[in-house]
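Visitor: What follows is a structure written as structure tokens; I'll ask about it next.
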Amino acid sequence: MENRDYIKSLIYQQNISQDISSCYLYFEALIRSNLLKLKSILPEQFEIFYAIKANPHKEIISFLNHFGCGADVASYGELETVIREGTDPGKISFAGPGKTDEDIKAAVRNNICSLSVESPEEIEKINDIAGQLRKKQNVAIRVNPQKNFSGYGMKMGGYPSPFGIDEDKCPYALKKISESEHLEFTGFHAHVGSQILDADAIGSVFRYLLEYALAVQNQYHFEIQYINFGGGFGIPYYEKQKPLDLKRLQDILKELTDTDEFLKNFPKTRFIIEPGRFLVADAGVYLSKILYIKESRGKKFIVIEGGMHHNLSAFGHLGQVIRRNYHIDVLRFDGQVKETTSDTFDIVGSLCTPLDKLAEHIELTDDVRIGDYICVYNSGAYGYTASPLFFLNHPLPKVNVIKWKKDQDVI
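Next up, the structure:
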């Protein structure tokens, strides 16, 4: 795992009180590093809208605003949060298959960049609401491609799906939008999956959407103002997974965009990507204190104060088909030196269910004591807010954002 020792050093710089049973730490230095890496490989025409579903902490949103990021939202609550934290409405996209009247009203009132339409009925609803508010709303069609793309950890397009409008039905959607008095067609959106570690898989979606948008532009004489490629950029959670090859992705994007023909076809088009996990996942850790160490029929267990109600994804219950162990360390904050040893444990939470298992048959190379903390890396995305926090009414974990300092730049 990259930056493991560096992250550990950042954790030890914090004043972790022994009174804290469980907590999340998010490091702005790592978020900034991820953002700058991504920006460095993107063509200059591309903009980054942070997918706040990954981690909607207000300080993270505000921090990314500082670097010019927009926001991808999927609810009235998320929209309200990013507006409150100062995100430019002209840099906000809104997608989701079940937008309510309140969602749409909030989007229209705030003059957001684009609403992604995902059904003919939704087109009618947005037009009606925009008319009631005496506004004209920019909309993009979220395309569910005919093609089935490979390389995605969780697929959301290329098959029968609640997300978007099937490619063969998009001409009807275009006609419907063009006949709608209060809608302005701006372009297309596609998000066909998440947790992608294959640069060529990402590139195939970019190529598809550019070709599709150009074909529509030529056939219907629309000027495509907006192409949103979605997100889905992954990170390596488990042993033997390799990180996304950013250099390969840079080469693919250069091949697609660094031509006179591209500039001629899309002279004023805004190109959007919507990363979430990629920016924040490895910038967060989850810490939970060890309550007990026990043995049952030859197997050793570590019982922590937290559990899957704090970090559902790390416990294997957020879309994982095969349960695997996250990267984990044992940390000690009482000043006592840890001895090097080796032993194998199952690590479980405090809930009364066998589902509450963090790690199985994991080898720990430090001596383990009650009062030490289990540190779960890659916990900055789909952790706190994606978990059943109130299950069994246990205490909530503390959450702290560690501010970026110039001397914390990641090399």
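Here the working numbering is used: the first residue of the sequence shown is 19, the next is one more, and so on.
We put the CB at the ideal spot given by N, CA and C, even for glycine.
Everything numeric in this text was worked out from a predicted model, so none of it was measured.
Between the region 247-261 and the region 209-226, do three or more beta carbon pairs fall short of 8 Å?
Guide: Touching, per the Cβ criterion.
Visitor: State the DSSP-derived secondary structure class of residue 236, mapped to helix, strand or coil.
Guide: DSSP places residue 236 in helix when its eight states are reduced to three.
Visitor: Pick from 162, 363, 376, 233: whose alpha carbon is nearest that of residue 315?
Guide: Comparing Cα-Cα distances from residue 315 to each of 162, 363, 376, 233, the minimum goes to 363.
Visitor: Helix, strand or coil for residue 321, going by three-state DSSP, please let me know.
Guide: The answer is strand: DSSP assigns residue 321 an E or B state.
Visitor: Tell me which residues share the same chain as residue 129 and place their Cβ nearer than 8 Å to its Cβ, disregarding the 5 neighbours each side in the sequence.
Guide: Within the same chain, residue 129 has close Cβ partners 107, 108, 153.
Visitor: Inspect the beta-carbon positions of residue 349 and residue 410 and report whether they are closer than 8 Å.
Guide: Not in contact: residue 349 and residue 410 (Cβ atoms no closer than 8 Å).
Visitor: Mind checking residue 401: buried by the 16 CB within 10 Å criterion, or exposed?
Guide: Its Cβ being crowded by 16 or more others within 10 Å, residue 401 is buried.
Visitor: Starting from the N-terminal side, write out each stretch of the beta strand (DSSP E) that is 3 residues or longer and does not extend beyond the region 65-98.
Guide: Qualifying beta strand (DSSP E) stretches, in chain order: 88-91.
Visitor: Going along the chain, which residues of its own chain have a beta-carbon closer than 7 Å to the beta-carbon of residue 331, five neighbours each way excluded?
Guide: So the qualifying residues of the chain are 400, 401, 404.
Visitor: In the DSSP assignment, what residue or residues form a beta bridge with residue 158?
Guide: DSSP lists 134, 205 as partners of residue 158.
Visitor: Measuring straight from C-alpha to C-alpha, what distance separates residue 30 and residue 351?
Guide: Those two C-alpha atoms are separated by around 8 Å.
Visitor: By the DSSP assignment, the beta strand (DSSP E) with residue 113 in it spans what residues?
Guide: Element bounds for residue 113: n/a, residue is neither H nor E.
Visitor: So what does DSSP say about residue 58, is it helix, strand or coil?
Guide: In the structure shown, residue 58 sits in a helix (DSSP, three-state: H, G or I).
Visitor: Helix, strand or coil: which one does DSSP assign to residue 398?
Guide: Looking at residue 398 - three-state DSSP - the assignment turns out to be coil, as it is neither helix nor strand.
Visitor: Between which two residues does the beta strand (DSSP E) carrying residue 303 extend?
Guide: Residues 302-314.
Visitor: Beta-carbon within less than 7 Å of residue 374's beta-carbon, same chain only, minus the 5 sequence neighbours each way: which residues are those?
Guide: Excluding sequence neighbours, residue 374 sits near 325, 326, 333, 366, 367.
Visitor: State buried or exposed for residue 358, treating a residue as buried only when at least 16 other CB atoms are found within 10 Å of its CB.
Guide: Residue 358 is exposed by the Cβ-count criterion.
Visitor: Specify, as a first and last residue, the run of the beta strand (DSSP E) that residue 349 falls within.
Guide: Segment 346-349, the beta strand (DSSP E) holding residue 349.
Visitor: Classify residue 220 as helix, strand or coil using the three-state DSSP reduction.
Guide: Three-state DSSP puts residue 220 in a helix.
Visitor: Have a look at residue 256 and residue 127 and give me their C-alpha separation to the nearest angstrom.
Guide: For residue 256 and residue 127, the distance between alpha carbons rounds to 43 Å.
Visitor: For residue 414, which residues from the same chain have a beta carbon less than 7 Å from its beta carbon, with the 5 sequence-adjacent residues on both sides left out?
Guide: The answer, listed in chain order, is 407.
Visitor: Is it the case that the Cβ atoms of residue 206 and residue 230 are separated by a distance below 8 Å?
Guide: Taking 8 Å as the Cβ cut-off, residue 206 and residue 230 qualify as a contacting pair.
Visitor: Quick check on residue 152: does DSSP put it in helix, strand or coil?
Guide: Three-state result, residue 152: coil.
Visitor: Decide yes or no for the touch test of the region 270-287 against the region 317-324: beta carbon pairs closer than 8 Å, at least 3 of them.
Guide: At 8 Å Cβ cutoff, the stretches do not touch.
Visitor: By DSSP, does residue 105 sit in helix, in strand, or in coil?
Guide: The answer is coil: DSSP assigns residue 105 none of H, G, I, E or B.
Visitor: Using DSSP with H/G/I as helix, E/B as strand and the rest coil, what is residue 363?
Guide: The answer is strand: DSSP assigns residue 363 an E or B state.
Visitor: In chain order, what residues of the same chain have a beta carbon less than 7 Å from the beta carbon of residue 360, not counting five sequence neighbours either side?
Guide: These residues qualify, in order along the chain: 381, 383.
Visitor: Is there contact between the region 24-43 and the region 285-292, where contact requires at least three CB pairs shorter than 8 Å?
Guide: Counting Cβ pairs under 8 Å, fewer than three are found: no touch.
Visitor: If we count Cβ pairs, one from each stretch, closer than 8 Å, do we get three or more for the region 295-305 versus the region 40-48?
Guide: Verdict: yes, contact present.
Visitor: Expressed to the nearest angstrom, what Euclidean distance is found between the alpha-carbon atoms of residue 141 and residue 134?
Guide: If I take the Cα positions, the gap works out to 10 Å.
Visitor: Take residue 354 as the anchor and find which of 124, 72, 68, 389 has the nearest alpha-carbon.
Guide: Residue 354 has its Cα closest to that of 389, out of 124, 72, 68, 389.
Visitor: List the endpoints of the continuous beta strand (DSSP E) containing residue 246.
Guide: It spans 244-246 - the beta strand (DSSP E) in which residue 246 sits, taken as one unbroken run.
Visitor: Do the CB positions of residue 70 and residue 56 come within less than 8 Å of each other?
Guide: Result no, Cβ atoms of residue 70 and residue 56 do not sit closer than 8 Å.
Visitor: Note down the Cα distance separating residue 328 from residue 335, rounded to an integer number of angstroms.
Guide: C-alpha separation (whole angstroms): 12 Å.
Visitor: I'd like to confirm the pairing. Which residues does DSSP put opposite residue 377 in its beta bridges?
Guide: According to DSSP, residue 377 bridges with 365.
Visitor: Name, in chain order, the residues that DSSP records as bridge partners for residue 100.
Guide: Answer by DSSP bridge pairing: none, since residue 100 is not bridged.
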